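>
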Amino acid sequence: MVRIRVLVVDDHRIFAESLAAALAAEPDVDVAAAGSGPAALRCLDRGAAEGRRFDVMLVDADLGTVAGAAGSTAAGPVQVPVARAVPVDGEAVPVDGISLVAGVRSGQPSVRTVVLAEKDDPRRAALALQAGASGWVAKDCSLQRLLAVMRGVLRDETHLPPALLTGVLRELTAARKHRTESERLVESLTPREREVLRCMVAGLGRKAVAERLFLSPHTVRTHMQNVLGKLGVHSTLAAVALARRAGVGPVSLAAQPATSTG
Numbered sequence: 002m003v004r005i006r007v008l009v010v011d012d013h014r015i016f017a018e019s020l021a022a023a024l025a026a027e028p029d030v031d032v033a034a035a036g037s038g039p040a041a042l043r044c045l046d047r048g049a050a051e052g053r054r055f056d057v058m059l060v061d062a063d064l065g066t067v068a069g070a071a072g073s074t075a076a077g078p079v080q081v082p083v084a085r086a087v088p089v090d091g092e093a094v095p096v097d098g099i100s101l102v103a104g105v106r107s108g109q110p111s112v113r114t115v116v117l118a119e120k121d122d123p124r125r126a127a128l129a130l131q132a133g134a135s136g137w138v139a140k141d142c143s144l145q146r147l148l149a150v151m152r153g154v155l156r157d158e159t160h161l162p163p164a165l166l167t168g169v170l171r172e173l174t175a176a177r178k179h180r181t182e183s184e185r186l187v188e189s190l191t192p193r194e195r196e197v198l199r200c201m202v203a204g205l206g207r208k209a210v211a212e213r214l215f216l217s218p219h220t221v222r223t224h225m226q227n228v229l230g231k232l233g234v235h236s237t238l239a240a241v242a243l244a245r246r247a248g249v250g251p252v253s254l255a256a257q258p259a260t261s262t263g
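Going by our numbering, the residue at position 156 of the sequence shown is 157; the numbering climbs one at a time, nothing skipped.
#1: Based on the DSSP output, what are the partners of Ala34 in its beta bridges?
#2: For Arg113, report the span of its beta strand (DSSP E) as first-last.
#3: Tell me whether the beta-carbon of Glu158 lies closer than 9 Å to the beta-carbon of Ser135.
#4: Does the Cβ-Cβ distance between Val60 and Val102 come in under 9 Å?
#5: By the three-class DSSP mapping on this structure, what secondary structure does Asp121 have?
#6: Beta-carbon separation of Leu214 and Val169 under 9 Å?
#7: So Arg222 and Arg207 are in contact, right, with Cβ under 8 Å, and what is the actual spacing, rounded?
#8: Could you pull the start and end residues of the beta strand (DSSP E) that Ala103 belongs to?
#9: Is DSSP giving Ala203 helix, strand or coil here?
#10: Consult DSSP for His235 and reduce its assignment to one of helix, strand or coil.
#11: Can you grab the Cα-Cα spacing for the pair Gly98 / Asp121, in whole Å?
#12: Taking 9 Å as the threshold (C-beta atoms), are Leu186 and Leu243 in contact?
#13: Need the endpoints of the alpha helix (DSSP H) that Leu144 sits in, please.
#14: Compute the beta-carbon to beta-carbon distance between His219 and Arg193, rounded to the nearest angstrom, for a pair I have assumed lies under 8 Å.
#15: Using 8 Å for Cβ pairs, my map puts Val112 next to Met58. What's the rounded Cβ distance?
#16: Residues in its own chain within less than 7 Å of Arg63 by CB, not counting five upstream and five downstream?
#17: Which residues in the same chain have their Cβ closer than 6 Å to the Cβ of Ala23, if we skip the five residues on either side of it in sequence?
#18: Just confirm the distance between the C-beta atoms of Leu161 and Ala126, as a whole number of angstroms; I'd bet it's less than 8 Å.
#19: Determine the extent of the alpha helix (DSSP H) in which Leu24 is found, giving its start and end residues.
#20: DSSP beta-bridge partners for Met58?
#21: Is the CB-CB distance between Ala247 and Met201 below 9 Å?
Right, dumping it as structure tokens:
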């Protein structure tokens with residue numbers, strides 16, 4: 002019998018443990034639980050290191066919204082903080098449910114993720130799919146339904162409630178439009194300005210960008226102001242959000258810094 006390894010990630014311990022117990026009663030399911038994004042990443046890394054990778058991760062859509070929640074792992078109950086920043090691809094990002102999906106998709110793409118939600122939300126469901134989730138399921142669905150979705154995503158199927166389908170398609174279409182507009186704005190930047198933008202996406206401040214690119218802080222400030230102006234935004238946060246929509250990733254912090262000036 003081929004067994005399915007499942008990781009339940011939810012900062013409501015009673016729900017997580019109840020769901021894990023229900024799944025564990027299935028003859029072909031092995032299950033563990035984690036109460037936060039960092040705990041989930043540790044479970045995934047430990048499983049990969051031991052040659053026992055997880056197949057499916059079930060993630061609470063509202064993960065991290067209740068600070069100080071308790072969680073449990075395969076080793077037993079633990080007390081873990083939630084909604085902290087952890088490194089994903091070298092960058093610190095908030096560990097909410099959708100951020101966790103994106104991080105796992107990047108680090109362990111073989112793991113299929115399904116988001117468990119209290120209510121239907123086309124916008125957040127679309128964001129989850131864009132982050133790499135394979136499904137969006139109501140928390141109060143039947144165990145049989147959840148098992149069917151889990152087995153379906155392992156066959157590379159995407160599962161959404163029928164009532165969400167139209168709304169999600171509308172959101173994805175709008176997101177594609179915004180991405181196209183964002184790409185056009187990014188293309189208006191000079192190569193140096195794009196380099197500065199990638200540093201901004203990586204979370205580097207003006208001084209760190211200056212050291213990395215061998216520029217004066219004044220020159221970096223000018224470049225940053227030019228980036229904001231060309232992108233039509235008024236803050237670094239807005240510039241980073243637009244850059245992400247355009248597919249601009251962070252500069253690799255492990256790479257050698259540039260040696261040119263200007």
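The beta-carbon is built from N, C-alpha and C at its ideal position, and this holds for glycine as well.
As the structure is a computational prediction, the values presented were derived from the model and not from experiment.
In brief:
#1: Looking at the DSSP output, Ala34 bridges to Val9.
#2: Taken as a continuous stretch (DSSP letters only), the beta strand (DSSP E) holding Arg113 covers Arg113 to Ala118.
#3: In this structure, Ser135 lies closer than 9 Å to Glu158 by Cβ.
#4: Taking a C-beta distance under 9 Å as the contact criterion, Val60 and Val102 qualify as a contact pair.
#5: If DSSP states are grouped into helix, strand and coil, Asp121 belongs with coil.
#6: No.
#7: About 6 Å separates the beta carbon of Arg222 from that of Arg207, a gap short enough to meet the 8 Å contact definition.
#8: First-last for Ala103: Gly98 to Gly108, but that is the alpha helix (DSSP H), not the beta strand (DSSP E).
#9: Assigned with DSSP and collapsed to three states, Ala203 falls in coil, not helix or strand.
#10: Under the three-state reduction of DSSP output, His235 falls in the coil class, being neither helix nor strand.
#11: Rounded to whole angstroms, the gap between the alpha carbons of Gly98 and Asp121 is 15 Å.
#12: Taking 9 Å as the Cβ cut-off, Leu243 and Leu186 qualify as a contacting pair.
#13: In the DSSP assignment, Leu144 falls within the alpha helix (DSSP H) that extends over Leu144 to Val154.
#14: Beta-carbon to beta-carbon, His219 and Arg193 are separated by about 15 Å, too far to satisfy the 8 Å threshold.
#15: About 5 Å separates the beta carbons of Val112 and Met58, which is inside the 8 Å limit, making them a contact pair.
#16: One detail in the question is off: residue 63 reads as Asp in this sequence, not Arg. Non-local beta-carbon contacts of Asp63 in its own chain, meaning distances under 7 Å to residues more than five positions away in sequence, involve Gly98 and Glu119 in chain order.
#17: Cβ neighbours of Ala23 within its own chain (closer than 6 Å, five residues either side excluded): Leu144.
#18: Contact holds; Cβ gap of about 7 Å.
#19: Secondary structure note for Leu24: its alpha helix (DSSP H) is the uninterrupted segment Arg14 to Ala25.
#20: Leu8 and Thr114, per the DSSP bridge assignment.
#21: No, these two residues do not count as a Cβ contact at 9 Å.
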